[in-house]
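Colleague: Would you mind keeping the following structure in view while I ask a few things?
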Amino acid sequence: MNKIAKLFITFTSAILLTLATISSAFAKVEGDTIVLGAAVSLTGKYSSNGVHTQNGYNLAVERLNKMGGVKVGGKSYKFKIIYYDDESNPKRAAQLAERLINQDGVKYMLGPYSSGLTKAIAPVTEKYKIPMVEANGASRSLFTKGYKYLFAVLSPANQYLEVAIDLAVEKNGGKPVKIAQAFEQDAFSQDVRLGILDAAKRTGSEIIIDDKLPKELNDMKATLVKVKAKKPDVLVVSGHTKGALTAIRQIAEMKVDVPMLAMTHCDAAKLSKQHGKNSEYALCASQWHKNLSYKDKFFGTGKKYDKDFTKRFGYAPPYQSAESSAALIVFKDAFERANSFDGDKVRDALRTTEMQTFYGNIKFGPGGQNTAKPMILFQVRCKGDKCENKVVAPTKWASDKFYHPIPSWSKRS
Amino acid sequence: MDFLIFEAPILMVQATLDGILIGILFALIAYGMALQWGVMNIINIAQGDLVILGGYIAYSMYLAGIHPSWGVIVSPIIMFFVGWGLYKLVINKVVDRDLFISILATFGIAIVFQQLMNFIFGADVVVAQSGYGTTMLFDNVVTLPHSTIFSAVISVLYAVVLVIYMRKSKLGRAIRATAQNARAAKILGVDTEKVYAATFGINAALCGVAGALIAITFTLHPYVGLPYTVRSFMIVIVAGLGNLPAVAISGMGLGVFEEFADYILGTEFRIGSVFMLLVIILVFRRFKLSRKREYLK
């Protein structure tokens, strides 16, 4: 090959490359499509919740596009999401966020699944000033870093079980209670713990057992033995699904009697299904429940959402899907109020969001967390062998009465 | 640190009983590892993942409406063939090679198994319900779940059967001969290839039993195999190869150690204490061995 030919090839490829970058730099809005980017865990340890997240996003995209899309400047646009699999790995998630922004030219992001991965992505979106609406990162530290482009539709982690302590105090006639707690050593559970510490301080309650659980948790007998010996008024456990499953299994095996048991991740662990009657009376923190009375014009009520989701994906939506769907409603609303595709204008519009969705009220605090929606507590109740989650707190939306105290094992059949 | 266990010494009974019962289960897994280590000179990093796979077999039966306890019979049968296949596919290529290569190979197998289990069974934590009750002792202070007792009994049963099989059967004798001197056994007409495949299969079958027991006593998740590998590695290091009573005793010892660490240091240090103990034992052994001339390299 002679020199001229080589030079020619170099030049053409250089030009093509430049063209490629230019065209992708304007890819945020292609024709009548608004492109959103998301890295979600489709493989690895978060894959089941990653898929719930993706299904939630997809259902909302389908629904919003069908109902007229997003109206900006008198023209109607449709949503499209570019997905990458972050393999449940924070480093990979951060790389993919860079790739979405730099190579795919994405200007608006949706969050990944889990606090850890959101923490990995947030610095990247912040650096490039890309507004991100996330639905699955509840860790309090996400909202204390002064991020300006991060918005979370869910309640922060420290609020998860605070309600439970208030409830315990209420049931104790307003008097302080004795709390036993066991938390996994990860960002999320430690935030839940901070919430309990606040609640204990506020109500003057005493924490008599404060155990930490390992990542490889499958045995928490030691904590339960202490609970048996010290007899607290309420036992609080947070260690993701394995914590919830291990706790119920061993509480039943060791016949630990405690008046009130509060946990996280019951629905993700399918507690009522996996443990049946043994899980009865457990109180569980949840972001959402289909029986709540919130409404919007896209999905209607929670019950309607539950029905539509089940029809589309063949299983009932966990709250991870519901909050993911809500993220898109928030985006649509922000685009229409901003009436622009400018990143900062959209961000400003997001900041002043104040709306009700089927998932709950949404209004962002200064750190980006949703301040308008309380956490709810449901209690597992069984009829025969069939167990169900009944919303019992807060009382404003509660559909059922809270059963307290838990009957002792000798009286349970 | 928590000294409740010293304030209420009855809890020591609980910790010791729990430790022994769970230690027997660890010993079963470790025995499989020791067997294959001794015969084939392979350290199986995938041991824990074979255990978890065995657990998932029992869990699948549970989902199909069969009592998961039957898993202790079905799971080893399936796992035997998994082990056999694994040998034919991968292990026979590394069996005569450097120990390091076998560690790498089994490490690779461990990763593949984790991902496959994640793919097939999902990333959710699952449990199989045995519906066994609980025995309460000392005025309800000490509890003994029947599932743990069941798991200890089954483990002992399998160990005894295996020991008798190794003594009496032709294959058992061939396995022992190969362990003593593979080359001599080969010269005397032992089909060592078959012996290796059978050994790997037997080890996988033992993992299958242990997995089925773990499914009904603890929880299952595709990525929790490693602690079981480390525990069995440690038990074998302490007990030596081909010494079943020592494996049993060091298994129970480890179980009790873990329980006490759990009570005193806290649950978060449970697995950590096992790793720490492993380091201490390795250093100690190295120190002891270095006094013998042949280990001075």
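So the protein sequences, as listed, match chains A and B. Take the first sequence: its letter number 178 is residue 178 in this note's numbering, and every next letter is one higher. If you count the second sequence from 1, you need to add 1000 to reach this note's numbering. Even glycine gets a Cβ: it sits at the ideal position worked out from N, Cα and C.
Just curious, the beta strand (DSSP E) that GLN287 (chain A) is in, first and last residue?
Modeller: That residue, GLN287 (chain A), is in no beta strand (DSSP E); it is neither H nor E in DSSP.
Colleague: Give me the Cα-Cα distance between VAL330 (chain A) and GLU354 (chain A), rounded to the nearest whole angstrom.
Modeller: Approximately 9 angstroms, taken between the alpha carbons.
Colleague: Can you check whether the C-beta of PRO1145 (chain B) is within less than 8 angstroms of a C-beta belonging to chain A?
Modeller: Yes, because at least one Cβ of chain A sits closer than 8 angstroms to the Cβ of PRO1145 (chain B).
Colleague: Which bits of chain B does ASN136 (chain A) rub up against, with CB to CB less than 9 angstroms?
Modeller: By Cβ distance, chain B contributes nothing, its closest Cβ being about 15 angstroms from ASN136 (chain A), past 9 angstroms.
Colleague: If you reduce the DSSP assignment to three classes, tell me which class TRP355 (chain A) lands in.
Modeller: The identity of residue 355 (chain A) in the sequence shown is Met, whereas the question assumes Trp. The answer is strand: DSSP assigns MET355 (chain A) an E or B state.
Colleague: Does any C-beta atom of chain B lie closer than 8 angstroms to the C-beta of LEU235 (chain A)?
Modeller: No - not a single Cβ of chain B is within 8 angstroms of the one on LEU235 (chain A).
Colleague: Between CYS1207 (chain B) and chain A, is there a C-beta pair that is closer than 8 angstroms?
Modeller: CYS1207 (chain B) does not count as touching chain A.
Colleague: Identify each residue in the stretch 1092-1120 of chain B for which the Cβ-Cβ distance to at least one residue of chain A is less than 9 angstroms, and report them in chain order.
Modeller: Here the close residues are GLN1115, ASN1118 and PHE1119.
Colleague: For the beta strand (DSSP E) containing ILE208 (chain A), list its first residue and its last residue.
Modeller: Counting along the chain, the beta strand (DSSP E) containing ILE208 (chain A) begins and ends at 206-213.
Colleague: At the level of alpha carbons, what is the spacing between TYR128 (chain A) and TYR1062 (chain B)?
Modeller: Near 50 angstroms, if we compare the C-alpha coordinates of TYR1062 (chain B) and TYR128 (chain A).
Colleague: Pull up the DSSP beta-bridge partners for CYS382 (chain A), would you.
Modeller: Paired residues: A:CYS387.
Colleague: Just to make sure I have the definition right: I need the residues of chain B whose C-beta is within less than 7 angstroms of the C-beta of ARG249 (chain A). Which are they?
Modeller: The answer, in chain order, is VAL1127.
Colleague: Give a yes or no on whether the minimum CB-CB distance between TYR1223 (chain B) and chain A is below 8 angstroms.
Modeller: Taking Cβ atoms only, chain A reaches closer than 8 angstroms to TYR1223 (chain B), which makes this a yes.
Colleague: Run through the stretch 1050-1082 of chain B for me and flag every whole alpha helix (DSSP H) of 4 or more residues, listed as ranges in chain order.
Modeller: With a minimum length of 4 residues, no continuous alpha helix (DSSP H) run stays inside the stretch 1050-1082 of chain B.
Colleague: Give the secondary structure of PRO1145 (chain B) by DSSP, where H, G and I count as helix, E and B as strand, and everything else as coil.
Modeller: PRO1145 (chain B): strand per DSSP, three-state reduction.
Colleague: Identify every residue that forms a DSSP beta bridge with ASN361 (chain A).
Modeller: According to DSSP, which records beta bridges pairwise, ASN361 (chain A) is partnered with A:GLN356.
Colleague: Whole angstroms are fine: how far does the CA of ALA1261 (chain B) sit from the CA of VAL1279 (chain B)?
Modeller: If I take the Cα positions, the gap works out to 16 angstroms.
Colleague: Bridge partners of GLU30 (chain A), per DSSP?
Modeller: A:THR33.
Colleague: Going by other Cβ atoms of all chains shown within 10 Å of its Cβ, with 16 needed for buried, is LYS273 (chain A) buried or exposed?
Modeller: LYS273 (chain A) should be labelled exposed.
Colleague: Report yes if the C-beta distance between PRO1068 (chain B) and SER1169 (chain B) is below 8 angstroms; otherwise report no.
Modeller: Taking 8 angstroms as the Cβ cut-off, PRO1068 (chain B) and SER1169 (chain B) do not qualify as a contacting pair.
Colleague: Which residues in the same chain as SER1155 (chain B) place their Cβ atom closer than 8 angstroms to its Cβ, once the five residues preceding and following it in sequence are excluded?
Modeller: The answer, listed in chain order, is ILE1024, LEU1025, ALA1027, LEU1028, VAL1209, ALA1210 and LEU1213.
Colleague: Would you be able to state if there are at least three C-beta pairs under 8 angstroms between the stretch 1175-1187 of chain B and the stretch 1031-1050 of chain B?
Modeller: These segments touch.
Colleague: Who are the near neighbours of ALA122 (chain A) in its chain, counting only those whose CB is closer than 6 angstroms to its CB and skipping five residues on each side?
Modeller: For ALA122 (chain A), where only same-chain residues beyond five positions count, the Cβ hits under 6 angstroms are TYR147 and LEU150.
Colleague: With distances taken from CA atoms, which of A:GLN159, A:PHE364 and A:LEU59 is nearest PHE298 (chain A)?
Modeller: PHE298 (chain A) has its Cα closest to that of A:LEU59, out of A:GLN159, A:PHE364 and A:LEU59.
Colleague: Using the three-state DSSP reduction, which class does LYS474 (chain A) fall into: helix, strand or coil?
Modeller: Chain A is shown from 1 up to 413; residue 474 (chain A) falls before or after that span and cannot be answered.
Colleague: Hey, quick one: how far does the beta strand (DSSP E) through HIS235 (chain A) stretch, first residue to last?
Modeller: The residue you asked about is not His; residue 235 (chain A) is Leu in the sequence shown. First-last of the beta strand (DSSP E) with LEU235 (chain A): 234-238.
Colleague: Under 8 angstroms between beta-carbons, which chain B residues line up against PRO214 (chain A)? List them in chain order, please.
Modeller: In chain order: THR1267, GLU1268, PHE1269, ARG1270, ILE1271 and GLY1272.
Colleague: Beta-carbon of LEU142 (chain A) versus every beta-carbon of chain B: anything under 8 angstroms?
Modeller: Chain B, which has no Cβ nearer than 8 angstroms to the Cβ of LEU142 (chain A), makes this no.
Colleague: Spell out whether any CB of chain A is found under 8 angstroms from the CB atom of PRO1227 (chain B).
Modeller: Answer yes: the Cβ-Cβ gap between PRO1227 (chain B) and chain A drops below 8 angstroms somewhere.
Colleague: Which whole-angstrom value describes the C-beta separation of ALA1110 (chain B) and ALA1046 (chain B), a residue pair presumed to lie in contact below a C-beta threshold of 8 angstroms?
Modeller: That pair is a contact at about 4 angstroms.
Colleague: Under the three-state reduction of DSSP, which class applies to SER115 (chain A): helix, strand or coil?
Modeller: Note: SER115 (chain A) maps to helix in three-state DSSP.
Colleague: With DSSP run on the structure shown, which of helix, strand or coil describes TYR403 (chain A)?
Modeller: Coil.
Colleague: According to a CB-to-CB cut-off of less than 7 angstroms, which residues of the stretch 72-90 of chain A neighbour chain B?
Modeller: For the stretch 72-90 of chain A, which is checked against every Cβ of chain B, not one residue is closer than 7 angstroms.
Colleague: Is there a Cβ from chain B that is less than 8 angstroms from the Cβ of ARG193 (chain A)?
Modeller: No, no contact with chain B.
Colleague: Nearest chain A C-beta to ARG1136 (chain B) closer than 8 angstroms, yes or no?
Modeller: The amino acid at residue 1136 (chain B) is misidentified as Arg; the sequence shows Met. By this cut-off, MET1136 (chain B) is an interface position.
Colleague: Name the DSSP beta bridge partners of THR264 (chain A), please?
Modeller: Answer by DSSP bridge pairing: none, since THR264 (chain A) is not bridged.
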